[in-house]
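K.L.:
Number of protein chains: 4
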Amino acid sequence: MVTAGVIGSTGYAGAQLVSLLVNHPHVSLTYLASHSYVGKRFSSIYPSMEGSCDLVLEEEDLEKASKRCSVLFLALPHGLASKLVTPEILKRCVVIDLGSDYRLSDASVYTQWYKCEHGSANLLKEAVYGLSELKRKEVSQANLIANPGCYTTCSILTLAPLVAENLIDTTSIIIDSASGVTGAGRVEKTDSLFCECNESFKAYGVTNHRHTPEIEQELSALAGEKLIVQFTPHLVPMNRGILSTCYANLKEGVGEEEIRAAYMKWYAQENFIRLMGSTLPETRFVRNTNTTAIGWKVDPRTRRVIAIGAIDNLIKGAGGQAVQNMNIRFGFAENSGLATSVVNPL
Amino acid sequence: MVTAGVIGSTGYAGAQLVSLLVNHPHVSLTYLASHSYVGKRFSSIYPSMEGSCDLVLEEEDLEKASKRCSVLFLALPHGLASKLVTPEILKRCVVIDLGSDYRLSDASVYTQWYKCEHGSANLLKEAVYGLSELKRKEVSQANLIANPGCYTTCSILTLAPLVAENLIDTTSIIIDSASGVTGAGRVEKTDSLFCECNESFKAYGVTNHRHTPEIEQELSALAGEKLIVQFTPHLVPMNRGILSTCYANLKEGVGEEEIRAAYMKWYAQENFIRLMGSTLPETRFVRNTNTTAIGWKVDPRTRRVIAIGAIDNLIKGAGGQAVQNMNIRFGFAENSGLATSVVNPL
Amino acid sequence: MVTAGVIGSTGYAGAQLVSLLVNHPHVSLTYLASHSYVGKRFSSIYPSMEGSCDLVLEEEDLEKASKRCSVLFLALPHGLASKLVTPEILKRCVVIDLGSDYRLSDASVYTQWYKCEHGSANLLKEAVYGLSELKRKEVSQANLIANPGCYTTCSILTLAPLVAENLIDTTSIIIDSASGVTGAGRVEKTDSLFCECNESFKAYGVTNHRHTPEIEQELSALAGEKLIVQFTPHLVPMNRGILSTCYANLKEGVGEEEIRAAYMKWYAQENFIRLMGSTLPETRFVRNTNTTAIGWKVDPRTRRVIAIGAIDNLIKGAGGQAVQNMNIRFGFAENSGLATSVVNPL
Amino acid sequence: MVTAGVIGSTGYAGAQLVSLLVNHPHVSLTYLASHSYVGKRFSSIYPSMEGSCDLVLEEEDLEKASKRCSVLFLALPHGLASKLVTPEILKRCVVIDLGSDYRLSDASVYTQWYKCEHGSANLLKEAVYGLSELKRKEVSQANLIANPGCYTTCSILTLAPLVAENLIDTTSIIIDSASGVTGAGRVEKTDSLFCECNESFKAYGVTNHRHTPEIEQELSALAGEKLIVQFTPHLVPMNRGILSTCYANLKEGVGEEEIRAAYMKWYAQENFIRLMGSTLPETRFVRNTNTTAIGWKVDPRTRRVIAIGAIDNLIKGAGGQAVQNMNIRFGFAENSGLATSVVNPL
């Protein structure tokens with residue numbers, strides 16, 4: 025039994041994580057912290073959790089928390105975690121950061137995209153990028169795990185086999201993604217109001233979304249050379265889900281067969297990846313699960329592959345993958361607390 | 025040509041009003057004020073209005089505005105308008121208040137429901153309750169017009185003929201209403217976030233919603249006796265629309281025929297009321313219009329009438345009725361700037 | 025381990041049931057039948073279930089199925105089940121009917137509301153109305169269990185303590201309900217198209233909805249006298265959820281205290297009922313769970329109680345209660361396969 | 025005053041067109057035909073149109089209709105119009121076809137993408153592709169106008185200046201689009217049910233959507249060489265709107281300045297095109313209008329332009345452009361019956 029805590033537990037990612045942890049067979053959830061709701065019961069903020077999680081929300085005190093918990097999850101706005109984590113804390117407990125502070129291994133890239141200095145650049149070399157399927161070994165030994173972004177998880181998993189197996193022109197990668205509104209967090213801002221999102225569709229963060237360097241860092245590592253990608257997110261009037269439609273020019277001689285073989289080689293054994301071939305994924309097919317669904321089409325007219333991935337942004341894109349990483353790190357079955365079977369088809 | 029201004033123009037009701045006024049054949053819109061966006065162009069807040077309304081937003085200064093405009097519309101949170109309107113202003117220009125400050129003729133009722141003192145109780149006797157179809161004469165002579173609430177408009181119009189013609193037991197009236205989320209205004213609060221409203225349905229303000237005393241005031245006047253009603257609003261995950269499902273016990277001897285006759289007598293000649301009989305209204309049937317659609321069923325088993333009204337809460341429930349009242353007050357055709365024909369069936 | 029089958033497995037209620045059964049610790053799901061998709065894998069219709077349920081859909085043959093299964097669930101349009109069930113089948117296996125054929129104990133009431141003859145009126149005396157919380161003993165011994173309707177479950181559970189404890193005037197009951205669109209089933213009809221439901225709200229079945237006699241039958245039994253209710257359903261643009269806003273006049277001397285005491289007496293020990301007091305339920309609080317959430321307000325002005333219940337129409341209103349009934353019937357823990365904890369707060 | 029008729033008037037595109045025509049100052053709408061609702065009033069199918077359009081729906085008889093009308097609009101499934109239109113009909117009246125039959129000038133391309141023979145290939149040379157802004161002269165003289173597809177209109181208008189001014193590598197064009205569900209028509213199919221679309225996002229028609237050859241035909245003409253494009257549509261859970269996110273590699277020496285200049289040169293004078301520069305369009309900005317909104321970003325890292333266009337698929341993408349074409353053909357002001365000002369900002 026592992027004692028666990030969550031800092032930033034009342035945001036959407038944090039709350040999703042909490043709901044997974046309270047059902048986890050090897051976890052004892054003992055500490056929940058919140059910036060805005062100290063002293064209230066968690067279930068007074070999320071009434072659906074009444075009876076499941078009635079812990080009282082505490083101050084965000086990483087130092088203290090690290091003495092009470094074996095694993096601490098951070099779900100904070102960027103720039104905060106890196107000011108709180110210290111080498112001492114990492115000696116006492118495993119930190120899994122759902123935020124962006126430890127995802128980029130190069131602090132200057134962080135500064136370039138986030139427009140602020142990194143608070144603990146010295147810890148970056150200890151941090152492991154926790155894309156579970158691609159980093160099992162590293163995650164299993166890390167005390168500081170940087171949980172990947174939601175768009176990032178979906179996009180990297182969809183493109184990894186194509187890049188790693190050298191099937192596509194890496195200068196041609198375009199990732200056109202769309203997310204449900206939970207991706208914007210539980211933040212009181214006009215843009216996230218019901219009537220501003222409902223019945224509309226838009227692109228945002230065009231050319232400068234902060235998930236771009238994450239995708240480039242990881243795909244570059246797989247390619248064995250530095251590559252850059254075009255990444256464009258969109259906002260969909262729905263609660264959950266991310267779909268990434270990825271375009272790339274095929275290398276000469278590459279066709280449907282090679283693409284399929286690459287996906288099979290990389291993912292056929294994966295518990296949380298569902299290869300759908302030419303039956304393309306829809307976000308509802310993975311809603312409320314930790315599964316990544318991937319389909320693809322080769323276009324003989326244009327000599328491109330269009331590979332499409334779908335995840336639940338709050339689960340595989342946040343809380344679910346965080347649990348998956350904890351499972352790997354602590355030696356639990358990787359799917360503990362993460363049913364692959366959807367509870368509800370709708 | 026009437027010069028018009030709107031104070032509180034960037035909220036949802038205000039913006040709807042603006043979009044109607046810029047298309048109005050007899051109005052020159054010359055003054056728009058906003059609490060939060062002074063100095064910005066209106067169309068920078070509502071890009072759909074670019075080219076239609078590019079006025080720069082000014083400070084909210086009712087005094088000054090009243091010297092520039094013949095009619096001023098106020099769309100402010102409750103408690104503000106009553107602090108701003110003065111007898112001098114009313115001498116210079118017509119004020120149409122979309123807020124609640126001048127709707128209740130008894131200041132003590134206001135205090136009881138709004139939990140605050142009225143800012144200009146002396147003006148209440150000059151104010152006319154602007155439910156256009158029922159108060160044409162009064163509106164045509166008023167300098168201070170209290171535009172009714174959205175739920176109120178829908179509920180009163182649906183029940184008025186039944187109450188006035190003495191067809192129902194006035195102790196038995198239950199009004200079960202539901203509104204789209206624009207009814208909550210363009211306010212940054214957690215409850216109005218997309219993910220808090222979407223895919224859910226709830227009641228709110230049960231037993232104490234502030235539209236209750238308005239409904240009671242007007243229906244009592246029609247009944248010729250003081251009555252009270254049960255009013256329960258609900259929130260629907262959609263942008264626009266109000267549906268009021270009204271229940272009442274039939275008086276002895278009253279049946280389908282009397283009900284129909286009452287509606288015909290009261291509304292057959294009304295431009296903005298569509299009687300649908302037993303074909304019940306849906307909110308989409310009146311979306312983007314100033315129309316009130318009303319249908320009804322008599323239940324022989326329970327001896328009740330169920331009368332259902334539908335409006336667009338931002339038009340007939342706010343900006344549209346405000347324009348209708350202006351039309352009446354200034355002697356324009358009542359439907360000027362208020363097409364009865366829906367632009368789009370979906 | 026119980027062998028189970030579902031007939032009508034690809035409708036929304038059936039599919040929800042399947043997703044619960046495949047995760048049930050004591051069930052082996054061995055037979056799925058479908059009217060439209062014979063020969064296809066269940067997961068080809070519901071791709072989210074790939075890997076969880078890949079059974080091939082078979083012909084709807086109750087006779088054969090009853091020889092292979094210990095429990096058979098029927099999720100069929102009304103009028104079909106009653107033509108298929110026979111005394112012989114009921115000797116071989118337990119039948120839990122999610123449809124309406126065996127809910128009304130009086131065949132003439134069935135004919136009156138459903139406008140057709142009952143196909144096996146002789147079996148009605150064997151059928152038990154499976155509202156789990158109210159009928160545990162009967163359910164535990166029945167071979168033919170009539171799973172209640174969705175509106176019915178929500179409305180009866182909300183009103184039962186008030187009626188049974190004699191706190192309200194039973195001639196004054198008005199039930200104003202609203203449901204998500206899964207309630208209309210997976211049927212290709214214009215009314216259920218996205219663009220016909222989205223951004224609108226309507227009442228339907230006013231005065232004649234078929235769940236009315238069910239509610240009256242069960243509440244009458246609790247009241248010890250025949251009562252009738254006013255029931256009005258509405259359609260909400262969301263997938264799941266039912267909210268019932270119930271109105272009744274308080275009997276003399278009854279107030280907040282008596283109401284609360286009644287709810288506590290009846291439900292304080294119930295696993296699947298959450299009493300929220302004056303914190304009113306929203307449908308999202310129970311989404312994806314088998315829980316019924318109930319809140320209430322006493323209105324001293326009108327001397328009425330407004331009691332509000334919320335369920336997930338596909339779970340407590342269909343598949344979940346069916347599993348709960350199976351658990352009771354076969355002596356499993358009542359919550360087997362029915363986590364009370366929500367997997368996801370959103 | 026022009027007499028007009030609509031065949032296929034009860035589908036979503038047809039109904040939108042009807043609602044525009046009844047408000048058109050120079051049109052007398054005299055004939056409405058429907059496949060499914062002959063004998064019913066139009067407003068019984070679309071109750072929001074009661075009082076605005078109560079015409080009785082007639083049989084679909086193009087021959088007869090052409091004797092009663094000066095302009096006939098066809099809104100039919102593909103393959104039907106080409107079997108009905110004859111040279112004789114075109115002598116008597118102007119035909120504006122909202123379907124796809126006359127959009128492709130090469131019948132073999134039609135056969136390749138639509139998998140059926142063209143019904144009147146001899147008329148293709150008379151047909152004009154009615155993308156109003158690009159084909160005014162041709163439209164003004166045509167008797168057979170092929171109204172463009174919805175995705176097509178949005179995509180071509182967004183890319184035309186870039187292609188025509190030789191600013192982008194025409195082998196690199198990727199068009200990633202998304203549409204509201206009205207795009208699927210008012211057709212009873214499972215895929216269009218509320219619960220199958222709501223809360224999900226998917227791609228469809230990947231590599232083979234039938235709007236592809238239209239886009240290629242028109243952009244090729246502008247480029248002066250045959251080009252092919254990658255086009256991927258997606259489905260958004262909303263009623264109306266199309267957004268096209270278009271990617272292309274910039275030619276050497278081309279930057280932000282040249283892109284802007286091209287858009288200004290082509291569209292600065294256009295009534296129905298709103299250039300938004302780096303303020304990117306959202307579909308709600310053009311909802312219920314005939315406007316195309318276009319924004320763009322140049323990405324210096326990738327040397328690509330991302331140009332984004334937004335339209336209302338039922339107006340500029342169907343009925344509105346059909347009216348615009350009629351206006352051009354009959355010499356009316358181009359914006360007759362097509363207010364540029366949105367009626368409602370939400």
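Protein chains in written order, with the numbering used here: chain A, 25 to 370; chain B, 25 to 370; chain C, 25 to 370; chain D, 25 to 370.
C-beta: ideal position from N, C-alpha, C; glycine also.
None of these values were measured; they are calculated from a predicted model.
#1: To which residues of the same chain is A357/D closer than 8 Å at the C-beta, ignoring the five residues directly before and after it?
#2: Just the chain C side, please: which residues come within less than 9 Å of R210/D by C-beta, in chain order?
#3: Could you tell me the alpha carbon to alpha carbon distance between L186/A and V80/D, rounded to whole angstroms?
#4: Suppose contacts are defined by Cβ-Cβ distances below 8 Å. Is L158/D in contact with V205/D by that definition?
#5: Would you call the CB atoms of A334/D and L267/D closer than 8 Å?
#6: Shorter than 8 Å from the beta carbon of V205/A to some beta carbon of chain B?
#7: Going by Cα to Cα distance, which pick from W320/A, N232/A, V30/A, I339/A is closest to Q136/A?
#8: Is T337/D close to chain C? Criterion is C-beta to C-beta, closer than 8 Å.
#9: Terminal residues of the continuous alpha helix (DSSP H) containing V163/D?
#10: Check whether the Cβ of C72/A lies closer than 8 Å to any Cβ atom in chain C.
#11: Please specify which runs of the alpha helix (DSSP H), each continuous and at least 4 residues long, are wholly inside the segment 165-206 of chain B, giving them in chain order.
#12: Do we get a CB-CB distance below 8 Å when we pair Y378/C with the residues of chain D?
#13: So, do the segment 207-223 of chain B and the segment 279-291 of chain B have three or more beta carbon pairs nearer to each other than 8 Å?
#14: Given a cut-off of 8 Å on the beta-carbon distance, is the pair L155/B and T177/B in contact?
#15: Could you tell me which chain B residues have their CB closer than 8 Å to the CB of V310/D, listed as they occur along the chain?
#16: For E150/C and H48/C, what's the separation of their Cα atoms in angstroms?
#17: Check this for me: beta carbons of N337/D and G207/D, under 8 Å apart or not?
#18: Please give me, in chain order, every unbroken run of the beta strand (DSSP E) with length at least 3 that falls completely inside the segment 266-297 of chain A.
#19: Under 8 Å, Cβ to Cβ, is there at least one residue of chain D near E306/C?
#20: With a threshold of 8 Å between beta-carbons, can D130/B be considered close to chain E, or not?
#21: Counting only Cβ pairs nearer than 7 Å, list the residues of chain B close to D200/C.
#22: Give a yes or no on whether the C-beta atoms belonging to K88/C and G143/C are separated by under 8 Å.
#23: Anything in chain C within Cβ reach of G29/A, meaning under 7 Å, just list it in chain order.
#24: Below 7 Å on C-beta distance, what does E223/A contact in chain C?
#25: Please tell me whether R298/C has its Cβ less than 8 Å away from any Cβ of chain A.
#26: Is any non-hydrogen atom of the ligand HEM found closer than 7 Å to the C-beta of K161/A, if you look at the structure I gave you?
#27: DSSP three-state label for F354/B, please.
#28: For Q345/B, go through chain C and note every residue whose CB falls closer than 7 Å to its CB, in chain order.
#29: Less than 8 Å between the C-beta atoms of V46/D and F354/D, yes or no?
#30: Anything in the segment 259-292 of chain B with a Cβ closer than 7 Å to a Cβ of chain C? List those residues in chain order, please.
#31: State yes or no: is the beta carbon of R160/C nearer than 8 Å to at least one beta carbon in chain B?
#32: Just to check my reading of the structure: L310/D and P237/D have Cβ atoms closer than 8 Å, yes? What is that Cβ distance to the nearest angstrom?
#33: Indicate whether L114/D and I31/D have their beta-carbon atoms separated by less than 8 Å.
#34: Tell me I335/A's beta-bridge partners as DSSP assigns them.
#35: What did DSSP end up calling K88/D once you bin it into helix, strand or coil?
#36: By alpha-carbon positions, which one of L362/C, D200/C, Q348/C ends up nearest to V163/C?
P.N.:
Here's the rundown:
#1: The residue you call residue 357/D lines up with position 333 of the fourth sequence. Correct list, in chain order: N351.
#2: The sequence position of residue 210/D within the fourth sequence is 186, counting from 1. Under the 9 Å cutoff, chain C gives T214, L217, C219, E220.
#3: The count along the first sequence starts at 1 and reaches residue 186/A at position 162. The count along the fourth sequence starts at 1 and reaches residue 80/D at position 56. Approximately 58 Å, taken between the alpha carbons.
#4: Mapped onto the fourth sequence, residue 158/D falls at position 134. Mapped onto the fourth sequence, residue 205/D falls at position 181. In this structure, L158/D keeps its C-beta atom at 8 Å or more from the C-beta atom of V205/D.
#5: Working through the fourth sequence from its first residue, we reach residue 334/D at position 310. Working through the fourth sequence from its first residue, we reach residue 267/D at position 243. A Cβ-Cβ contact shorter than 8 Å links A334/D with L267/D.
#6: The residue you call residue 205/A lines up with position 181 of the first sequence. So, interface residue.
#7: The residue you call residue 136/A lines up with position 112 of the first sequence. Selected option, being the one with the closest Cα: N232/A.
#8: The residue given as residue 337/D occupies position 313 in the fourth sequence. Note that residue 337/D corresponds to Asn in the displayed sequence, not to Thr. Not one chain C Cβ lies under 8 Å of N337/D.
#9: Counting from 1 along the fourth sequence, the entry for residue 163/D is found at position 139. Segment 160-165, the alpha helix (DSSP H) holding V163/D.
#10: Working through the first sequence from its first residue, we reach residue 72/A at position 48. Correcting the residue identity first, residue 72/A is Ser in this sequence and not Cys. At least one chain C Cβ lies under 8 Å of S72/A.
#11: Counting only runs of 4 or more, we get 174-188.
#12: This structure leaves residue 378/C out entirely; chain C is present only between 25 and 370.
#13: The segment 207-223 of chain B is not in contact with the segment 279-291 of chain B.
#14: Within the second sequence, residue 155/B is the residue found at index 131, counting from 1. Within the second sequence, residue 177/B is the residue found at index 153, counting from 1. Taking the C-beta atoms as reference points, T177/B is found nearer than 8 Å to L155/B.
#15: Within the fourth sequence, the letter at position 286 stands for residue 310/D. Correct list: S72.
#16: For this step, residue 150/C is matched to residue 126 along the third sequence. For this step, residue 48/C is matched to residue 24 along the third sequence. E150/C and H48/C have their C-alpha atoms roughly 27 Å apart.
#17: Position 313 of the fourth sequence holds residue 337/D. Position 183 of the fourth sequence holds residue 207/D. Yes, the pair counts as a contact, with Cβ atoms nearer than the cut-off.
#18: The segment 266-297 of chain A contains these whole beta strand (DSSP E) runs: 266-273.
#19: Position 282 of the third sequence, counted from the first residue, corresponds to residue 306/C. Not closer than 8 Å to any Cβ of chain D, the Cβ of E306/C fails to qualify, so no.
#20: The chain inventory of the structure shown lacks chain E, comprising the protein chains A, B, C and D.
#21: Reading the third sequence from its first residue, position 176 is the one you call residue 200/C. Chain-ordered, the chain B residues with CB closer than 7 Å to the CB of D200/C read D200, T269.
#22: As a first step, residue 88/C is located in the third sequence; it is residue number 64 there, counting from the start. As a first step, residue 143/C is located in the third sequence; it is residue number 119 there, counting from the start. Result no, Cβ atoms of K88/C and G143/C do not sit closer than 8 Å.
#23: In the first sequence, the residue the question calls residue 29/A occupies position 5. Within 7 Å of the CB of G29/A, no CB atom of chain C is found; the nearest one sits about 18 Å away.
#24: Sequence index remark: in the first sequence, residue 223/A carries index 199 (1-based). Here the neighbours are E223.
#25: As a first step, residue 298/C is located in the third sequence; it is residue number 274 there, counting from the start. So, interface residue.
#26: Among the ligands in the structure shown, none appear at all, so the ligand HEM cannot be discussed.
#27: Residue mapping note: residue 354/B aligns to position 330 of the second sequence, counting from 1. Three-state result, F354/B: helix.
#28: By 1-based counting over the second sequence, the position of residue 345/B is 321. The contacting residues do not exist; Q345/B stays about 20 Å from chain C at best.
#29: Taking the first residue of the fourth sequence as 1, we reach residue 46/D at position 22. Taking the first residue of the fourth sequence as 1, we reach residue 354/D at position 330. No.
#30: Hits within the stretch, in order: V260, P261, M262, N263, G265, L267, T269, Y271.
#31: Within the third sequence, the letter at position 136 stands for residue 160/C. Not closer than 8 Å to any Cβ of chain B, the Cβ of R160/C fails to qualify, so no.
#32: Here residue 310/D is taken as the residue at index 286 of the fourth sequence, counted from 1. Here residue 237/D is taken as the residue at index 213 of the fourth sequence, counted from 1. Note that residue 310/D is Val in the sequence shown here, rather than Leu. Cβ atoms of V310/D and P237/D stay farther apart than 8 Å, at about 26 Å.
#33: Looking up residue 114/D in the fourth sequence gives position 90. Looking up residue 31/D in the fourth sequence gives position 7. No; because the gap between Cβ atoms is not below 8 Å, this pair is not in contact.
#34: On the first sequence, residue 335/A is found 311 positions in, with the first residue counted as 1. I335/A pairs with I266/A.
#35: Position 64 of the fourth sequence, counted from the start, is the residue given in the question as residue 88/D. Helix at K88/D.
#36: As a position in the third sequence, residue 163/C is number 139, starting the count at 1. Measuring from the Cα of V163/C, the nearest candidate turns out to be Q348/C.
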